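Step one of this worksheet: look at the structure below.
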Amino acid sequence: WVAATGPITAETVADFEMFSQVRDLKGATLVLDSGGGSVLASLELGRKVRELGMTTSVGRTVPVLTAKGGEARGRLIARGECASMCVFVLLGGVQRRVPSEARILVHQIWPGGKRYDASGETYTAEELVRIQRDVGRIARYVVEMGGDIELFELAMKIPPWERLRALSPGELRKMGLQTIEMAEAPTSGAVTVERPTRTVAARSPGRG
Numbered sequence: 436w437v438a439a440t441g442p443i444t445a446e447t448v449a450d451f452e453m454f455s456q457v458r459d460l461k462g463a464t465l466v467l468d469s470g471g472g473s474v475l476a477s478l479e480l481g482r483k484v485r486e487l488g489m490t491t492s493v494g495r496t497v498p499v500l501t502a503k504g505g506e507a508r509g510r511l512i513a514r515g516e517c518a519s520m521c522v523f524v525l526l527g528g529v530q531r532r533v534p535s536e537a538r539i540l541v542h543q544i545w546p547g548g549k550r551y552d553a554s555g556e557t558y559t560a561e562e563l564v565r566i567q568r569d570v571g572r573i574a575r576y577v578v579e580m581g582g583d584i585e586l587f588e589l590a591m592k593i594p595p596w597e598r599l600r601a602l603s604p605g606e607l608r609k610m611g612l613q614t615i616e617m618a619e620a621p622t623s624g625a626v627t628v629e630r631p632t633r634t635v636a637a638r639s640p641g642r643g
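Under the working numbering, residue 643 is the last one in the sequence shown; the count climbs by one each step, no gaps.
And the structure:
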């Protein structure tokens, strides 16, 4: 599997493309653990994932101690979190599986620097136009990826000053974020020692 951890930034897609040039990612599983990030970068990353025919999941990869000189290995833990725009990257998988221990959280998009005091901020016309444009892009992406438009509608109902909304197992299935059971997911494998510093962390040569 490929461990993708941390914020999704403007550089993430370039990092992912570089990573895919030195690793065969076709049909691999991308395991997400992210609080979200850039709208445009997340949608582009989701499309790249779909192009590669990858499966998406949620979880954390932790190192496993081995005998001195042994192969570096990792273990997949299901207690990951995929929030905000990460949810739409998850939707990019050809198949999606979410373990019961994972948390999938949604909310409205908002200008990053104004999210923490959203109701007390002032906004320019340019900012409002940008938000409306990005909202339209997200709606189109959900349809393009075969998700249920209810995912988009629910996310857009949660303002930034409220707690993120956790999706239930039933909602995950209904909205197209859970298409196969987690029992098929990999649990351990060898991992590379050197890892890119942004979202894409490492890939296991073995998938099971």
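Just so it is clear, CB atoms sit at the ideal spot from N, CA and C, and this is done for glycine as well.
Just so it is clear, the structure is predicted and the values come from calculations on it, not from any experiment.
By the Cβ neighbour-count rule, Tyr558 is exposed, with fewer than 16 other Cβ atoms within 10 Å of its own.
Nearest to Ser535 by C-alpha distance, out of Ile615, Val437, Phe451 and Gly527, is Ile615. Ranked by Cα distance from His542, the first of Ala463, Pro595, Ser455 and Gly472 is Pro595. In terms of Cα proximity to Lys483, the closest of Trp436, Gly509, Arg510 and Asp450 is Asp450. Bounds of the alpha helix (DSSP H) holding Ala574 are Ala560 to Glu579.
Within the region 508–556, the complete alpha helix (DSSP H) runs of at least 4 residues fall at 521–526.
Non-local C-beta neighbours of Gln613 in its own chain, meaning closer than 8 Å and more than five positions away in sequence, comprise Arg531, Arg532, Val533, Pro604 and Leu607, ordered along the chain. Judged by DSSP in its simplified three-state form, Ser492 adopts strand. Boundaries of the beta strand (DSSP E) harbouring Leu467: Thr464 to Asp468, taken from the DSSP string. Of the other Cβ atoms in all chains shown, 16 or more fall within 10 Å of the Cβ of Glu516; this residue is therefore buried. In this structure the region 473–493 lies against the region 443–462, because at least three pairs of beta carbons, one per stretch, are closer than 8 Å. In the DSSP assignment, Ala438 falls within the beta strand (DSSP E) that extends over Val437 to Thr440.
In the DSSP assignment, Val497 forms a beta bridge with Arg510. With fewer than 16 other CB atoms across the displayed protein chains lying within 10 angstroms of its CB, Ile584 is exposed. Per DSSP, the unbroken alpha helix (DSSP H) holding Gln456 starts and ends at Thr447 to Val457. For Arg485, the enclosing alpha helix (DSSP H) begins and ends at Val474 to Glu486. The beta-bridge partner set that DSSP reports for Arg600 consists of Val541. Here Gly527 is not near Leu511, since their CB atoms are 7 Å or more apart. Collapsing the DSSP output to three states places Ile443 in a strand.
Secondary structure at Leu607: helix, using DSSP grouped into helix, strand and coil.
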